[in-house]
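J.: Quick one: structure below, then a few questions.
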Amino acid sequence: MSEDNWDVVVIGGGGAGLAAAVSASEQGASVLLFESESELGGSTQLSAGLFTAAGTSVQRGLGIEDTAEKFFQHYMDLNHWMLKPGLVRAFCEHAGPTLEWLIDLGVEIPARESANAHMPGLCQAGVEDVWRGHVPKDQGYGLVQVLDKARREHGVEAILNTRVQSLIVEDDRVVGVVADDIEVRAGAVVIATGGFAQNPELVERFYPIANRAGQSLFVVAAPGSRGDHLQFGEQVSAAVTGEGWGLMLPTAYFQRFHHWQSGFPPKSRIYVNGHGRRFMDEDASYAVSTGIIDAQEGGAWAVFDEKARVNLPGGYTDWIPERVLDEADSGRTLRADSLVELAGAMDVPADALEAAVSRWNEQLPNGVDDDFLRHRTLANKGSTAHPDPIDEGPFYAVRMLPAELVCTHAGVEIDSDAAVLDQTGRPIDGLYAAGEAGAGILGLRYVGGGNAVANALTMGRLAGINAARTARGESETSTAMTTAGI
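The following block contains the structure:
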């Protein structure tokens, strides 16, 4: 690292930061990237790498017709139109071209149907009618490796284990950063430091709903997700948006890891509320499932039988036969020889629970679900075997609740050029943000697998292009990607 002037400084080496650094360097800018941790990748590297986009070559390869306009309409409807339409439209329009850019860089996404978030191809990301979940080879790790290779090829210097202390501001313009007490000057700065899921004080301030999970709460975001973007925003009086929004995944009370490590609850299970009634498709996308569970009076229980417990696969930390048995022996998971006894322990009406399980047994083992259409979800996930009946005691009840904190949506507000806005709504000269740091795209409802990665890489790319333009003294434009030859 030197004190010489750079065209662009990028703060944060996760997916958004790497996309910004590579895209700025493609414009001929000299770029310096700071990463607070010992390796690049951030939360993107820890993810499945799904990328939501519309009108892509992968979709066309499967004969699927889709457009950014349809993506935009779905995105806004799911978020109750509580986001700025212009910003979301820009994201939806640029997500597809960004995916093609990644493919050109070397990301592999075959034109085939994928049954889950770990099989390369195209999968159902959330509750969209046209599949938009693009699963890359080698998951999020693969995305990061491709971007990092491009970074090295373009000569972008990355400084690891260095946490930027502050921005340099002169005459209402951001002109660099301070790191290790050294001033590093730049024509423009991109904030791409991730969210704040690893900062309990900021979670309580900006996303307190996460703390409803109590002792069951666990965080899967990268260690660098400490909220530095909010600190930089305060320094320049940036507007903050997205308070109260984030992504919590439904889990069992005893889980402490993402499902890659924890495992999955039994296929033959039923979710019931405090009235003892089934209330949802148990495999519904987390785009909507957290909200459904949160809305239930008396919370949610997963009910299954001994056969389902015994048949849980091994190799995981939590959803395995031995762990469930240990939880039942301790009394933390409820267990009873009959559904009537189980209902008593759950404090729900026994007749309602018996009716719910009876209807399940009549339908799902026969491949239908007239009430919640779970058979469609299972088919979309490539499940060909029907669930077993829930009829072999003892029976179990496990508390289910949103307790896995994945990402936070509050950050400095950006416009459709990824420029950071001040509290009057004007762009702050020389400052851009992307990913969880640049707020306004991740909203009330997460649209499904790949929402955060697509946001990070798409807006990171746009931020890098416009930061390079600013460094050259050009005015940024929402058509920057078209200008860049996309």
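According to the numbering used here, the residues represented by the sequence shown are 4 to 489, in order. Quick reminder that beta carbons are idealized off the backbone N, C-alpha and C, glycines included.
#1: Can you tell me which of F94, D183, P368 puts its alpha carbon nearest to the alpha carbon of D271?
#2: Looking only at DSSP bridge pairs, what is D425 linked to?
#3: Helix or strand or just coil, what does DSSP make of E416?
#4: Please report how far the alpha carbon of H501 lies from the alpha carbon of K140, in whole angstroms.
#5: For the beta strand (DSSP E) containing M251, list its first residue and its last residue.
#6: Using 8 Å as the Cβ pair cut-off and three pairs as the minimum, do the stretch 35 to 46 and the stretch 7 to 23 touch?
#7: Measure the C-alpha to C-alpha separation of P226 and A353 and round it to an integer number of angstroms.
#8: Could you check the C-alpha separation between G230 and A311 for me, to the nearest Å?
#9: Per DSSP, what kind of secondary structure is Y78 in: helix, strand or coil?
#10: Counting only the same chain and skipping the five closest in sequence on each side, list residues whose C-beta sits under 6 Å from that of Q258.
#11: Take Q366 and list the residues in its own chain whose beta-carbon comes closer than 7 Å to its own, dropping the five residues that flank it on each side.
#12: Between which two residues does the alpha helix (DSSP H) holding Q148 run?
#13: Hey, quick one: how far does the alpha helix (DSSP H) through Q48 stretch, first residue to last?
#14: For the alpha helix (DSSP H) containing Q264, name the first residue and the last one.
#15: Alpha carbons only, please: which of I273, R472, I468, T473 is nearest the one belonging to A24?
#16: For the stretch 326 to 386, list the beta strand (DSSP E) runs that are entirely contained and at least 3 residues long, ordered along the chain.
#17: May I ask you to list the residues that DSSP assigns as paired with H97?
#18: Can you list, in chain order, the residues of its chain with a C-beta nearer than 8 Å to that of G396? Leave out the 5 residues immediately preceding and following it.
#19: With distance defined between alpha-carbon atoms, name the residue in G463, Q127, A305, R215 nearest to G136.
#20: Taking three-plus beta-carbon pairs below 8 Å as touching, is the stretch 428 to 443 in contact with the stretch 174 to 188?
#21: Start and end of the alpha helix (DSSP H) containing F282?
#22: Touch check for the stretch 177 to 189 and the stretch 446 to 464: three-plus C-beta pairs under 8 Å?
#23: Where in the stretch 100 to 130 do unbroken runs of the beta strand (DSSP E), each at least 3 residues long, occur, reported from the N-terminal end onward?
#24: Which two residues bound the contiguous alpha helix (DSSP H) that contains M462?
#25: Hey, quick one: how far does the alpha helix (DSSP H) through A311 stretch, first residue to last?
#26: Here's a check: name, in chain order, each residue in its chain whose Cβ is nearer than 6 Å to the Cβ of V181, leaving out the five neighbours to either side.
#27: What does DSSP give as the partner residues of G441 in its beta bridges?
T.: Taking the structure as given:
#1: Start at 1 with the first residue of the sequence shown, and residue 271 comes out as number 268. Sequence inspection shows Ser at residue 271; the Asp mentioned does not correspond to that position. Nearest of F94, D183, P368 to S271, Cα basis: P368.
#2: Position 422 of the sequence shown, counting from 1, holds the residue named residue 425. Per DSSP, A241.
#3: As a position in the sequence shown, residue 416 is number 413, starting the count at 1. Strand at E416.
#4: Look at the range of the chain in this structure, 4 to 489, and you will see that residue 501 is not part of it.
#5: Reading the sequence shown from its first residue, position 248 is the one you call residue 251. Unbroken beta strand (DSSP E) run through M251: 249 to 255.
#6: yes
#7: The count along the sequence shown starts at 1 and reaches residue 226 at position 223. The count along the sequence shown starts at 1 and reaches residue 353 at position 350. Each residue's alpha carbon lies about 45 Å from the other.
#8: Position 227 of the sequence shown, counted from the start, is the residue given in the question as residue 230. Position 308 of the sequence shown, counted from the start, is the residue given in the question as residue 311. Distance between the alpha carbons of G230 and A311: 41 Å.
#9: The residue labelled residue 78 in the question sits at position 75 within the sequence shown. Correct three-state label for Y78: helix.
#10: As a working mapping, residue 258 is identified with position 255 in the sequence shown. Closer than 6 Å at Cβ, skipping near neighbours: S265, D321.
#11: Reading the sequence shown from its first residue, position 363 is the one you call residue 366. Once the five neighbours on either side are set aside, the close Cβ partners of Q366 are D372, D373.
#12: Locating residue 148 in the sequence shown gives position 145, where the first residue counts as 1. It spans 142 to 156 - the alpha helix (DSSP H) in which Q148 sits, taken as one unbroken run.
#13: Locating residue 48 in the sequence shown gives position 45, counting from the first residue. Here the alpha helix (DSSP H) through Q48 covers 45 to 49.
#14: Mapped onto the sequence shown, residue 264 falls at position 261. Start and end: 262 to 265.
#15: Within the sequence shown, numbered from 1, the residue matching residue 24 stands at position 21. Nearest option by C-alpha distance: I468.
#16: 337 to 339
#17: For the purposes of this step, residue 97 is taken as residue 94 along the sequence shown, with counting starting at 1. Answer is none; H97 lacks a bridge partner.
#18: The sequence position of residue 396 within the sequence shown is 393, counting from 1. So the qualifying residues of the chain are D308, E309, A339, D340, S341.
#19: Position 133 of the sequence shown, counting from 1, holds the residue named residue 136. Ranking the options by Cα distance to G136, first place goes to Q127.
#20: yes
#21: On the sequence shown, position 279 is the one that residue 282 refers to. No alpha helix (DSSP H) holds F282; DSSP gives it neither H nor E.
#22: no
#23: 124 to 126
#24: Within the sequence shown, numbered from 1, the residue matching residue 462 stands at position 459. Where M462 is concerned, the enclosing alpha helix (DSSP H) stretches over 454 to 474.
#25: Taking the first residue of the sequence shown as position 1, residue 311 is located at position 308. Per DSSP, A311 belongs to the alpha helix (DSSP H) from 309 to 313.
#26: Taking the sequence shown and counting its residues from 1, the one referred to as residue 181 is at position 178. Closer than 6 Å at Cβ, skipping near neighbours: Q168, S169.
#27: Position 438 of the sequence shown, counted from the start, is the residue given in the question as residue 441. G441 is bridged to V415.
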